[in-house]
Amino acid sequence: MQDNRKVRVIFEAVLNKFTNNVKTAAKATLEIGDAGEKASKRANFDDSAKSADNLDNSLKKVTQTLKAMAIGYAGKKLFDAGKENFMFFADYQKKLTETFTLLPDITQEGMDRMSEDVKQFSKDMKVMPEEVLPALYQAISASVPESKVFDFLEVARKSAVGGVTETSTAVDVLTSVVNAYGDDVISANKASDLMFMAMRKGKTTFEEMASNMYSVLPAAKSLEVPFENITAAIATMTAMGTPTAQSTTQLGRMFLEFSKDGTKASEIFLQATNKTFKQFIAEGNNLQDALNIMDAVAKKAGVEINNLFNTAEAGNAALALTGKGAIRFSEDLKAMEESTGSTEKAYEKMSGTISFFLEGIRAKIAVFKLNIADKYFPEIQDAIMKVDESFDRLEENGSLDRLAESIGG
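For the sequence shown, my numbering begins at 1119 and goes up steadily by one.
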């Protein structure tokens, strides 16, 4: 509280000084008017000369005051610009250092190289450094190897541009998919291509899928259901009117019932095939093959397929992907086989916009500012440490308190 009072008192003193300068200029302006009026009324030469001198003095006074105000204003603008650049660099350094904490064995050389890689990536991919850093942190924390992280970020950036979302959002979903299945099963680029194909075939967005994929991934992965089956199902269900969030939730519940012993769905499927759902998928079959078997059982029993599941959510997913939805689901599964290059196509379209090029210019300016600040960082850091030490000494000997009191008094 006392520190806040000191800051307030000092700020008010500076503000008062500026106000006094304005008042001085106003007073001098009035004096010019008075001197001019007196000069016009005086008849003799001496009085006229004296009034002219007064007028000249008043002009000099206002000129000096206005000049001082102009210099002060320009200085403030320069100070504000420098402060803005410094704070931008300080924030960049802080976020980059947070990433370094995830790499306990990184050397100073490695840190310098990563900083340069961030700036180069920013320029090449036309993205602001402050958007790169959270994505970098997220990728490394999700176990993307340091040696491959910028290749991964390139895929994520293209996904973000094509999908009109943040790079960190793309990183989040792509790392989730790759970590769930393993990079030996699916690459980030393949996962992105499949999601873009789902966007094309369904009524969903990259961001919506990214935000809701957690609802389906764990259960699907436990059964080794290919990611292609998930994206095809999302495309079909959203195209038929089910929102993305509900689609992923329903699919997740359906997979969960197939994976648990004792549920209606798992027991019926085992009786119909003499295999568990997971074994059936491992033999090269897909989700539609499994649902066709369940649908045949339901028809034989004279009921709808949703009656073969314990929960309404699971039953609704099965209903959407069979019956009238079966043809669309089959087409969407086929489309997933032809999804290669979908990310690149979306990226190429969006990267041709004026907005994208303007973002590239902003990124280059930002990197330029960082390079300038980086060049003078040792001097800036030394100055900050000295100022900090000076304040400590002023606080210890009571000078800071006396200064605040004298300004306030």
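Just so you know, even glycine gets a beta-carbon here, dropped at the ideal spot from N, CA and C.
Euclidean distance between Cα positions of residue i and residue j
i	j	result
Pro1247	Leu1292	20 Å
Tyr1255	Thr1217	5 Å
Glu1385	Thr1367	22 Å
Asp1269	Asp1209	24 Å
Thr1458	Lys1319	14 Å
Leu1369	Met1331	10 Å
Val1273	Lys1321	23 Å
Lys1487	Asn1203	6 Å
Ser1240	Asn1410	49 Å
Lys1124	Glu1513	The pLDDT assigned to Lys1124 is 48, lower than 50, so where the model puts this residue is not dependable; a value taken from the coordinates is nonetheless given after this. If you take the alpha carbons of Lys1124 and Glu1513, they lie about 12 Å apart.
Met1468	Ala1484	22 Å
Met1315	Ala1288	15 Å
Val1282	Ile1258	23 Å
Leu1271	Thr1391	43 Å
Lys1482	Lys1463	25 Å
Asn1489	Ser1233	10 Å
Thr1440	Lys1266	41 Å
Ser1329	Ser1524	57 Å
Val1250	Gln1238	11 Å
Ala1199	Phe1206	Legend: pLDDT at Ala1199 = 47, less than 50; position of this residue unreliable, no value from coordinates given.
Asp1519	Arg1511	12 Å
Ser1305	Gly1228	26 Å
Met1243	Asn1425	51 Å
Backbone secondary structure at residue i - three-state DSSP
i	result
Asn1392	coil
Val1485	helix
Asn1203	helix
Ala1260	coil
Asp1379	coil
Gly1370	helix
Lys1159	Because the pLDDT at Lys1159 is just 48, under 50, the model does not fix this residue reliably, and the point stays unresolved.
Tyr1255	helix
Status (buried if at least 16 other CB within 10 Å, exposed otherwise) for residue i
i	result
Ile1445	exposed
Ala1093	One cannot answer for residue 1093 here, as it falls past the ends of the chain, which runs 1119 to 1527.
Asp1528	Here the chain comprises residues numbered 1119 to 1527, so residue 1528 is not present and cannot be evaluated.
Phe1509	exposed
Val1236	buried
Gln1406	buried
Ile1399	buried
Leu1341	buried
Leu1476	exposed
Ser1365	buried
Asp1450	buried
beta-carbon residue i near the ligand ADP non-hydrogen atom, thresh 7 Å
i	result
Gly1470	You won't find the ligand ADP in this model; it holds no ligand whatsoever.
inquiry  = Three Cβ pairs or more, each shorter than 8 Å: is that satisfied between the segment 1444-1462 and the segment 1345-1352?
reply    = yes
query = Taking only runs of the alpha helix (DSSP H) that begin and end inside the segment 1397-1444, which ones reach a length of at least 4 residues, in chain order?
reply = 1405-1419, 1430-1439
message = At 4 residues or longer, what runs of the alpha helix (DSSP H) sit wholly inside the segment 1340-1365?
response = 1345-1357
ask   = Taking only runs of the alpha helix (DSSP H) that begin and end inside the segment 1269-1340, which ones reach a length of at least 4 residues, in chain order?
value = 1285-1299, 1306-1319, 1324-1330, 1335-1340
key: At least three beta-carbon pairs within less than 8 Å, the segment 1431-1438 to the segment 1351-1360   = yes
ask   = Touch check for the segment 1259-1279 and the segment 1302-1316: three-plus C-beta pairs under 8 Å?
value = yes
inquiry  = Within 8 Å, do at least three Cβ pairs link the segment 1368-1377 to the segment 1320-1336?
reply    = yes
query = Can you list, in chain order, the stretches of the alpha helix (DSSP H) that have 4 or more residues and sit fully within the segment 1206-1248?
reply = 1226-1242
inquiry  = Threshold first: 4 residues or longer. Then list the alpha helix (DSSP H) segments lying entirely within the segment 1450-1484, N to C.
reply    = 1460-1468
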